[in-house]
Amino acid sequence: MTAVSRPTRAALYLYGALILVVLYLPLVAVGFASVSKARYLSFPVKRYTGGWMAEAVTSPTVHQIVLTSLKIAVTVTVISVILGFFGALAFARFQWRFRGLFQKAILLPIFFPQTVLGLALLIWFSAIGVTPSWKTAVVAHLVWISPITTLIIAIRAYGFDPALEEAARDMGASTLTVMREVTLPLLMPGIVSAGLFAFLLSWGNFPLSLFTSGVDATLPKWLYSRMVSGFTPQIPALGVMSVAGSTVLVLAGLILVRWLRRRT
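The sequence shown begins at 969 in the numbering used here and counts up by one.
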């Protein structure tokens, strides 16, 4: 290992600290805004309150918006993981004509600007006579998120030895049994990781939801509309609760993935 001089080490620590400040200082400001009794945040905060969070939790409008966002995120997670699982197997386990072209085509939507993709899908839905709703938002999210879940699961699929599946077949196991007893357990850490990514990306997506959810407002879309029409501290309160919930979900997912890796 190459020795690092003390000035270089100090510069690296300073650089890392600056990155953390840039990443997390806005979240700290949102946290203060959510518990400040004043309508607009100012430092130092003179009076604290939990009333804004209580107002957000008890609001029927917020309940409906969160329910819509959950419906979209859960549906997208389930479908994108299923598509990603079979897409990953097509990537990593089989040799077939146009396999390379398929790989490039399936990953291409990741690099599309989401605003352009959302506008294109809105025009397409209008052309075929489909009214935008939370269901069309699911389709839009799937176009962007399914390639990501496919890539995550494919990385895991490339990493295990196909001889394990061959050994199970040699012992008389059927294709379904091999899938259930060998392939799925080995891919499960990748499947859980892909599901976690899918849920969080769908939950927090704004551009695609803005164009394709119609009158069914999602949480990011509703927060934006409230910021435009008139700010209230309920907005940062909801933001803090959303970030807290996402953080808990990520930590739980990391623990589950680590446990699954130890099992396999």
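C-beta: ideal position from N, C-alpha, C; glycine also.
Margin query: What residue range does the alpha helix (DSSP H) around Gln1071 cover?
Written below: 1067-1075
Checklist line | Simplified DSSP state of Ser973, which is helix, strand or coil | finding: coil
Item checked: Local conformation of Ser964 per DSSP, three classes -> Nothing can be reported for residue 964, as the shown portion of the chain is limited to 969 through 1232.
Check: When DSSP labels each residue in this structure, what does Ser1004 get in the three-state scheme?
Finding: strand
Checklist line | Selection from Thr1099, Leu982, Lys1072 that minimises the alpha carbon distance to Gly1182 | finding: Thr1099
Checklist line | Exposure label - Thr1029; buried when at least 16 CB within 10 Å | finding: exposed
Next item on the list: Determine the direct distance from the alpha carbon of Val1034 to that of Lys1014, and round the result to whole angstroms.
Entry: 31 Å
Item checked: CB contact flag (Ala1041, Trp1171, <8 Å) -> yes
Note to self: When you compare the CB positions of Ala1166 and Thr1043, do they come within less than 8 Å of one another, or not?
What the structure shows: no
Note to self: Pull the bridge partners of Tyr1016 from the DSSP assignment, please.
What the structure shows: Ser1004
Checklist line | CB of Arg1061 within 8 Å of CB of Ala1125, strictly | finding: yes
Notebook entry, point to check: Tell me which same chain residues have a C-beta within less than 7 Å of the C-beta of Ser1177, skipping the five on either side of it?
Noted result: Ala1105, Thr1186, Pro1188, Lys1189
Margin query: Is the separation between the beta-carbon of Pro1157 and that of Val1225 shorter than 8 Å?
Written below: yes
Margin query: Using CA atoms only, rank isn't needed, just tell me which of Gly1019, Leu1132, Asn1173, Ser1142 is closest to Ile1203.
Written below: Gly1019
Check: Around the Cβ of Gly1055, are there at least 16 other Cβ atoms within 10 angstroms (buried) or fewer (exposed)?
Finding: buried
Next item on the list: Flag this pair as touching only if the region 1063-1073 and the region 1139-1149 have three or more C-beta atom pairs under 8 Å; answer yes or no.
Entry: no
Next item on the list: Assign Ile1091 to one of three DSSP states: helix, strand, or coil.
Entry: helix
Check: chain D beta carbons: is any one of them nearer than 8 Å to that of Gly1172?
Finding: The structure shown has no chain D; it contains just one protein chain.
Item checked: Simplified DSSP assignment, three categories, for Gln1063 -> coil
Notebook entry, point to check: Taking the alpha carbon of Phe1174 as the point to measure from, which residue in His1109, Leu1154, Thr1017, Glu1149 has its own alpha carbon closest?
Noted result: His1109
Note to self: Buried or exposed, going by whether 16 or more other CB atoms sit within 10 Å of the CB of Ser1004?
What the structure shows: buried
Item checked: Collapsed DSSP secondary structure at Phe1174 in the structure displayed -> coil
Check: Does the separation of the CB atoms of Val1208 and Val996 fall below 8 Å?
Finding: no
Notebook entry, point to check: Among Thr1036, Thr1180, Val1160, Pro1012, which one has its Cα closest to the Cα of Ala1088?
Noted result: Thr1180
Next item on the list: Report back the beta-carbon spacing between Ile1113 and Ser1048 to the nearest angstrom; my notes put them in contact at under 8 Å.
Entry: 5 Å
Notebook entry, point to check: Just how far apart, CA to CA, sit Leu1090 and Val1084?
Noted result: 10 Å
Next item on the list: Quick one: grab the DSSP three-state call for Phe1165.
Entry: helix
Next item on the list: Find the nearest neighbour of Pro1115 within the set Phe1066, Leu1152, Leu1051, Gly1221, judged by alpha-carbon distance.
Entry: Leu1051
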